[in-house]
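Colleague: So the sequence shown is numbered by the UniProt record's numbering: it starts at 1 and just counts up by one. What follows is a single structure, and I will ask about it in a moment.
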Amino acid sequence: MHRFKDLEIWKKSRKFCQEVYTITSSFPSEEKFGIINQLRRASVSIPSNIAEGCSRKSNKEFSRFLEIAIGSCYEIETQILISNDLGFLQDDDLQVLQSRLLEIIKMTSKFKTNLTI
Numbered sequence: 001m002h003r004f005k006d007l008e009i010w011k012k013s014r015k016f017c018q019e020v021y022t023i024t025s026s027f028p029s030e031e032k033f034g035i036i037n038q039l040r041r042a043s044v045s046i047p048s049n050i051a052e053g054c055s056r057k058s059n060k061e062f063s064r065f066l067e068i069a070i071g072s073c074y075e076i077e078t079q080i081l082i083s084n085d086l087g088f089l090q091d092d093d094l095q096v097l098q099s100r101l102l103e104i105i106k107m108t109s110k111f112k113t114n115l116t117i
């Protein structure tokens, strides 16, 4: 069993979640129940699944939760690209979020690969 608060992937994904909340606060208010909600929920899902996976008794179970966290990253990537297409997200913010997502995906994938199943 791992202590999720000690994992760098959990710390980075938690920080990323904060960035998503900050950036989406400038989105149009009519998107409150649309893309803002989707982005925020998916960003919360990343550190939440890492934490929940840590509570599992086997690395195989933990690995499944890491897969779900990675899936949430790709969901967010799609949503930020759409947000950019719609003019809600500036190119600079898009690049920052994509860079952070890629880092989280790579770190999580490597961590998952190194789990002894």
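Quick reminder that beta carbons are idealized off the backbone N, C-alpha and C, glycines included. Quick caveat: nothing in here was measured; it's all calculated off a predicted structure.
(1) Return helix, strand or coil for P47, following the three-state DSSP convention.
(2) Please list the terminal residues of the continuous alpha helix (DSSP H) segment that includes L7.
(3) Expressed to the nearest angstrom, what Euclidean distance is found between the alpha-carbon atoms of L81 and K11?
(4) What is the rounded straight-line gap between the Cα of F62 and the Cα of V44?
(5) What's the C-alpha gap between R3 and S109?
(6) Which of the three DSSP states, helix, strand or coil, is assigned to I111?
(7) Contact defined as beta carbons within less than 8 Å: I believe L102 pairs with I76. What is the distance between those atoms, to the nearest angstrom?
(8) By the 10 Å Cβ neighbour count, where 16 or more other Cβ atoms means buried, how is L112 classified, buried or exposed?
(9) Quick one: what does DSSP say G34 is sitting in, helix, strand or coil?
(10) What span of residues does the alpha helix (DSSP H) with G71 cover, start to end?
(11) Verify whether the separation of the beta carbon atoms of S13 and I36 is less than 8 Å.
Modeller: In terms of the structure at hand:
(1) The three-state secondary structure of P47, taken from DSSP, is helix.
(2) Counting along the chain, L7 sits inside no alpha helix (DSSP H), nor does DSSP assign it H or E at all.
(3) Their Cα atoms are separated by approximately 24 Å.
(4) A direct Cα-Cα distance of roughly 18 Å separates F62 from V44.
(5) Whole-angstrom Cα-Cα distance: 18 Å.
(6) At residue 111 the sequence reads Phe, which differs from the Ile that was named. Looking at F111 - three-state DSSP - the assignment turns out to be helix.
(7) Contact doesn't hold; Cβ gap of about 11 Å is too wide.
(8) Before going further, note that residue 112 is Lys rather than Leu in the sequence given. So K112 counts as buried.
(9) Of the three classes helix, strand and coil, the one that applies to G34 here is coil, per DSSP.
(10) Residues N59 to D85.
(11) Going by C-beta atoms, S13 is not nearer than 8 Å to I36.
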